[in-house]
Each structure stands twice: as structure tokens, then as C-alpha cells.
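Undergrad: End of the sequence shown = 588 in the UniProt record's numbering, gap-free, step of one. Quick reminder that beta carbons are idealized off the backbone N, C-alpha and C, glycines included.
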Amino acid sequence: SDWIRLSLDFVLQDQYDIIDKHTQSGLDLVEKYVKFVKERTEIEQNYAKQLRNLSKKYSPKRGSKEEQECRFSNHQAFLDILNEVNDYAGQRELIAENMMINICIELTKYLQELKQERKMHLSEAKKAQQYLEGTYKQLDNSKKRFEREWREAEKAAQYAEKTDQDLNATKADVEKAKQQAHMRTHIAEECKNDYASQLQKYNKEQNQFYFTDMPLSFNRLQDMDERRIKKLAQGYVLFADTERHVMPIIGKCLEGIARAGTNVNERNDSVVLIEQHKSGFERPGDLEFEDYSQGINRASSDSSLGTPKGPLELLGKNKNKTFRLFNKKSKLPSSSLSPFSTTPTPSPANGPPSPKFGRDPLSYCLMEINKTVKPRISSFRTLKRTPVDSEGFTHLPPEQRRKRLQQKIDDISKELQKEIDQSEALGKMKDVYEKNPQMGDPASLAPQITQTAQNMERLRGELNKYESWLAEAGGRGDSIRYSTHSLNNNGAHNPNSPGAISDDTDSSQAIYTEFDDEFEEEELAAPIGQCTALYNFPGSSEGTISMQEGEVLFVVEEDKGDGWTRVRRNNGDEGYIPTSYATITLNK
Numbered sequence: 001s002d003w004i005r006l007s008l009d010f011v012l013q014d015q016y017d018i019i020d021k022h023t024q025s026g027l028d029l030v031e032k033y034v035k036f037v038k039e040r041t042e043i044e045q046n047y048a049k050q051l052r053n054l055s056k057k058y059s060p061k062r063g064s065k066e067e068q069e070c071r072f073s074n075h076q077a078f079l080d081i082l083n084e085v086n087d088y089a090g091q092r093e094l095i096a097e098n099m100m101i102n103i104c105i106e107l108t109k110y111l112q113e114l115k116q117e118r119k120m121h122l123s124e125a126k127k128a129q130q131y132l133e134g135t136y137k138q139l140d141n142s143k144k145r146f147e148r149e150w151r152e153a154e155k156a157a158q159y160a161e162k163t164d165q166d167l168n169a170t171k172a173d174v175e176k177a178k179q180q181a182h183m184r185t186h187i188a189e190e191c192k193n194d195y196a197s198q199l200q201k202y203n204k205e206q207n208q209f210y211f212t213d214m215p216l217s218f219n220r221l222q223d224m225d226e227r228r229i230k231k232l233a234q235g236y237v238l239f240a241d242t243e244r245h246v247m248p249i250i251g252k253c254l255e256g257i258a259r260a261g262t263n264v265n266e267r268n269d270s271v272v273l274i275e276q277h278k279s280g281f282e283r284p285g286d287l288e289f290e291d292y293s294q295g296i297n298r299a300s301s302d303s304s305l306g307t308p309k310g311p312l313e314l315l316g317k318n319k320n321k322t323f324r325l326f327n328k329k330s331k332l333p334s335s336s337l338s339p340f341s342t343t344p345t346p347s348p349a350n351g352p353p354s355p356k357f358g359r360d361p362l363s364y365c366l367m368e369i370n371k372t373v374k375p376r377i378s379s380f381r382t383l384k385r386t387p388v389d390s391e392g393f394t395h396l397p398p399e400q401r402r403k404r405l406q407q408k409i410d411d412i413s414k415e416l417q418k419e420i421d422q423s424e425a426l427g428k429m430k431d432v433y434e435k436n437p438q439m440g441d442p443a444s445l446a447p448q449i450t451q452t453a454q455n456m457e458r459l460r461g462e463l464n465k466y467e468s469w470l471a472e473a474g475g476r477g478d479s480i481r482y483s484t485h486s487l488n489n490n491g492a493h494n495p496n497s498p499g500a501i502s503d504d505t506d507s508s509q510a511i512y513t514e515f516d517d518e519f520e521e522e523e524l525a526a527p528i529g530q531c532t533a534l535y536n537f538p539g540s541s542e543g544t545i546s547m548q549e550g551e552v553l554f555v556v557e558e559d560k561g562d563g564w565t566r567v568r569r570n571n572g573d574e575g576y577i578p579t580s581y582a583t584i585t586l587n588k
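(1) Tell me whether the stretch 164–183 and the stretch 227–245 touch, counting them as touching only if at least three CB pairs, one residue from each stretch, are closer than 8 Å.
(2) When the Cα atoms are used, what is the spatial distance from E93 to K56?
(3) Rounded to a whole number of angstroms, what is the C-alpha to C-alpha distance between E415 and S423?
(4) Does DSSP put G529 in a helix, in a strand, or in coil?
(5) Assign S64 to one of two classes, buried (16 or more other C-beta atoms within 10 Å of its C-beta) or exposed (fewer than that).
(6) Express the C-alpha separation of E574 and G539 in angstroms, rounding to a whole number.
(7) By the three-class DSSP mapping on this structure, what secondary structure does Y535 have?
(8) When the Cβ atoms of the stretch 120–128 are set against those of the stretch 214–224, are three or more pairs found closer than 8 Å?
(9) If we call anything under 8 Å between Cβ atoms a contact, is T585 one with G563?
(10) May I have the straight-line CA-CA distance separating V34 from M100, to the nearest angstrom?
(11) Between the Cα of C531 and the Cα atoms of K162, R569, N168, K126, which residue gives the shortest distance?
(12) State the beta-bridge partners of I584 as determined by DSSP.
(13) Rounded to a whole number of angstroms, what is the C-alpha to C-alpha distance between D431 and A525?
(14) Look up E290 in the DSSP assignment and give the residues it is bridged to.
(15) Short check: CB of A533 to CB of Y576, under 8 Å?
(16) If you draw a straight line from the alpha carbon of L114 to that of Y195, how long is it in whole angstroms?
(17) Can you give me the C-alpha to C-alpha distance between Y159 and T135, rounded to a whole angstrom?
(18) Note down the Cα distance separating K321 from R404, rounded to an integer number of angstroms.
(19) Please list, in chain order, all residues of the same chain as T41 whose beta carbon is under 6 Å from its beta carbon, the five residues on each side excluded.
(20) Is it buried or exposed for Q509, if we count other Cβ within 10 angstroms and need 16 for buried?
(21) Find out if the Cβ-Cβ distance for the pair Q198, Q116 is shorter than 8 Å.
(22) What residue range does the beta strand (DSSP E) around L553 cover?
(23) Give me the residue from G256, K192, Q112, I105 with the minimum Cα distance to K144.
(24) Cutting at 6 Å between CB atoms, please list the residues of its own chain near L459, excluding the five before and the five after it.
(25) Taking E226 as the reference, which of H22, S546, D559, K428 has the closest Cα?
(26) Pull up the distance between the alpha-carbon of N268 and that of Q406, whole angstroms please.
(27) I'd like the list of long-range same chain contacts for E434, defined as Cβ closer than 7 Å, with 5 residues on each side in sequence excluded.
(28) Do the CB positions of E419 and T452 come within less than 8 Å of each other?
(29) Just curious, the beta strand (DSSP E) that E574 is in, first and last residue?
(30) For a test of the three-state rule: what should DSSP assign to V264, helix, strand or coil?
(31) Using CA coordinates, which residue listed in N207, K32, Q91 is at the minimum distance from L132?
(32) Ignore the nearest five residues each way along the sequence and tell me which others in G550's own chain have a CB closer than 8 Å to its CB.
(33) Roughly how many whole angstroms lie between the Cα atoms of R228 and I18?
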């Protein structure tokens, strides 16, 4: 082992301290990396939160004016961008969550295991080292004792020899000195044998420590540190892979933002605005010269009252009156008078005015005009002054009135269909009760059946009423269709188009022409294009149809400005889907 060779080159205690510091430094690095990733996840979470708040801040509130403007492609594109930003924020939250689970929690758990393992290995190495040090102390004590006893034995031998050569020493003294020397020599021999035994034991323990115990402990520590390094390297890779895994979804979010920009159709927005606000009024004609003097001169003769000329003639020809498009009134010179104003009539030269004219012959002319000229809406201000008929929508311009009437007819038809279904269900239930009295009393259903019948009768009456109003307004009773290429920006037909209405048609006729019966919608209308679903849509509401992401459907009716498109499957199922949930391609 590399660590074993390292330990053999230096003092044991130094290598133990180095290994201790090195392994501790590795654990500190893991802990530091975990803290780094935690702070990164906090940044991601705060970023996602700010993105969600930003998307929520600029998203239109339900029922607000901004939500109603989403029928325009540029408004809808901005709403799509906000939705994509919200989805993007969700991906940033996913990055933070995966980093926390796969890196922080995993490495923290692994770090605790490494700390326990390191503590165990270092403790075993420390015990082996302490045991070897204890054995060495015993050897050293045995050696010192052998050295001390050997010196005492030498001194005793020298004293015995000196006593034996002393002539004055008695025989007893000589024997005593020899016995003492012999005893000391025996003790020294025992210490020598004990020292040899301790030395042999220490050498054995030292070999065991350096060639078995220490390599085993250091190998375990080395293996632990290498596993730590490998695990930490995997954490480094996960740091990048966690974000790389969500990059395809983030790419789809960015593609959705770019798609929202490419889906903006400035021409279609203009058409939607025109369809939404066109009034159906005809453009005003030129004002003609009104000769008051001629009307006054003719007023003097009684024969001219039957067929008034002058201002009566001129006002009768001017079928289209001036539109006042702005609230601010135009200042007219005090000398210019409207044909509807009452001016003092000068006395004619031939005599007093006719009594049929009273004091103001022009007023009489205007009364005759009101009888002969067909009623019409002269301006938007006049429309505002008239009493509001909210039920028949007569206060609205013709085109807007037709749309509201058609919408009301559709709503009543849906309610009527519900009542019909309920009536059929009650009838079936009554039959079941009559055949099986134990299931219920048929008489208990009578109030519900009566109420349902009354509701059906009421709804049919309302439906007939609104259909008659729609027929008067120029509609058919079902969906009204117009030729888009024959409409001008004011919502009126082009006079040169085949369906245009001439000035000579009666006012009871609709401003817009109706299609012939041969152009009525068939049971299954031909598709006008295709669409591909961008998202899943459950289609749980009445009249809608479910779809899956990537599914291709036929477009039967394009978006009328309300954000819904009618589609059909190959099996014939039809329903409405949100326009923003699909990419629509219309046939050219």
C-alpha cells in the first residue's frame, strides 16, 4: 500500500497524524460541497418563485377586460408566454428538488457513514499503537532491571574476591561474601532471561503491528477515502446531469415562447376587431344644399302643401345622415341652420302665410317629412338617447344586435334541450314506477313533469320570440355567416359586391344579405383545415371534446373571437377546444 510505504519512511506517530488530518480534510470537503448545493437549490427556488410571481402579476384576472382581449392573437401570445414562463419556473423548482434529493440528502447520509467508519479505523490503529508502546515499556523496564542487577552481581563478585584475599578476614566472612556474590549472579541471570523474553515478545508484537495491524488499518482508511472521493465525483456529475435532464422540457418552453411570437397574426387581429365592433350602419351620404327661401315661397300657396318642394325634397333625398363619431360637438357658424331647426319665417311679398302652416311653415314641412321618410338611426348619439330595450337588444347596432340575438338563441336552445332530456328521463322513470310499484310512486313525479313541461313551453316561447327578432334583424335563426371579402372596415357591404344592398331597397330588409337556402350548413360540414394538439385537454365541459398532446383533428369551424375552435375526429365526434391549445392550419 502507498500509505504503508509512506509510514515506513517516517516516525509512526507522524504518519498517524497525517492520515488523521487527510481523512478529516476529505470529510470537510464533502460537507462543504453539500452546503454549496443547498445554497444553489435555494437560489433556484427563489428564482422559480420570482418567475411565478411575475407570471401571476401580468396574467389577466378572470372576467377582466384584459381576459376579453385574449381573442386577439397578440394578446393571446403574451398570455401563452406567461404560461410558458410559469412552466419554466416549474422546471427550475424540479432542478432544486432533484439536487436536494440526489446530492444533498444522499451525500449527507453517506458522510455520516464515513465519519463512523473513519472513527472506527482510527480507533483500532490507535489501540494497536498503544499496545505496542506498552510492550516496549515492559521491555525497557526489564532491560534496565537486568542492567542494574548485573552491576550489583559484578560488585558482589569483586567484594567476595577481595575478601578472600584479605588475610584479616575470617573464613565466615569469606563464605558470606561468596554466597552474596553467587546470589547476585543468580538474580542477574534471571533478569537477563526476563529481558530476553521481553525482547522476543516486543519484536514479535512490533512485527505484528508494522506488517499486519498497521497495514490493515491504513488499507481500510485508504479504501474509505477513495470511496469518498468517488462518491464526491459522482455528486459533481449529478450537479450537471440534474439540469441537463430538464433541458429538453426547458427547450420546449422556449419553443413555446417563440411559437407564441410566430402565431401573432396582425391581419387576423384587425379582422377580429372589425367583426367585434362593426355596427352595420351605412356610410353617410353627401349633404345637399337646402334652399329655405324656396320652401318659404312655396308655402304661400295652398296647392304646394300636398307635394312640398325645396327643403322637403332635399331632405327626402338625403337618406344617410351625418355620423357623429366624437363626443365633442362641432361648432357651426350661427348663420348656418339645420333643416331641423325652427327659423323665423319672413312674410312673403304676396301676402300673409297660409293658415295651414300656422306661424312656422317649415315646421309643417318637417312634420310631413317625418311621415314620409322611412325611420332610420341618424347617428350614434341618437342611438344613445333612445330608451334601451335590453331584451330585444334594439339599442345595439344591427350587426351587434344580430350577434347578441344569435347568442341568446343558442343559450335558450341549450336550456331547452336540457329540459327535453329531463322530460324524457322523467317519462322513463314514470314507466318504470308503473311497471314496478315497489320502486316508487308514479304520482310523486307529477309535479316535476308538470314543471318541466312548463319550462319547455316557456323556453319555446322565448325561442320563437328571439328567432322572430333575429329574422327581423336580418338573421336566419342559426349561425349567421358573412362573406369576409365583401365587408369593408366599417362592417358594411361593399356596394360593388354581389350581395350588396342598393339604396332603393326597403328599410325593412337587412343591411347584410342572407345566403340562399342552398348554402345552408349541411349535417356534417366539410373540414376547413387541420390542427395539432399542443397540450392535453380533458373536455369535461358540455360541448367540448377531449384531446391528447400531438393528436391531429379536423377544423370544422374556426375561432369566432371567443377563444374556442370547433373540431372533429375521424370517427365523427365533434366539439370545441381552446384555440391556444392547438396549432391550427386552415386550407387555402
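TA: Reading from the atomic positions:
(1) no
(2) 16 Å
(3) 12 Å
(4) strand
(5) exposed
(6) 11 Å
(7) coil
(8) yes
(9) no
(10) 9 Å
(11) R569
(12) C531
(13) 38 Å
(14) Per DSSP, none; premise fails for E290.
(15) no
(16) 43 Å
(17) 36 Å
(18) Because the pLDDT of K321 is 39, which lies under 50, any placement of that residue in the model is unreliable, and the question is left without a value.
(19) A96, M99, M100
(20) Only weak support is given to the placement of Q509: the predicted model assigns it a pLDDT of 38, under 50, and the value that follows is read from those uncertain coordinates. Exposed, by the Cβ-count rule.
(21) no
(22) 552–557
(23) K192
(24) I412, E415, L416
(25) H22
(26) 23 Å
(27) P442
(28) yes
(29) 574–578
(30) coil
(31) N207
(32) T532, A533
(33) 17 Å
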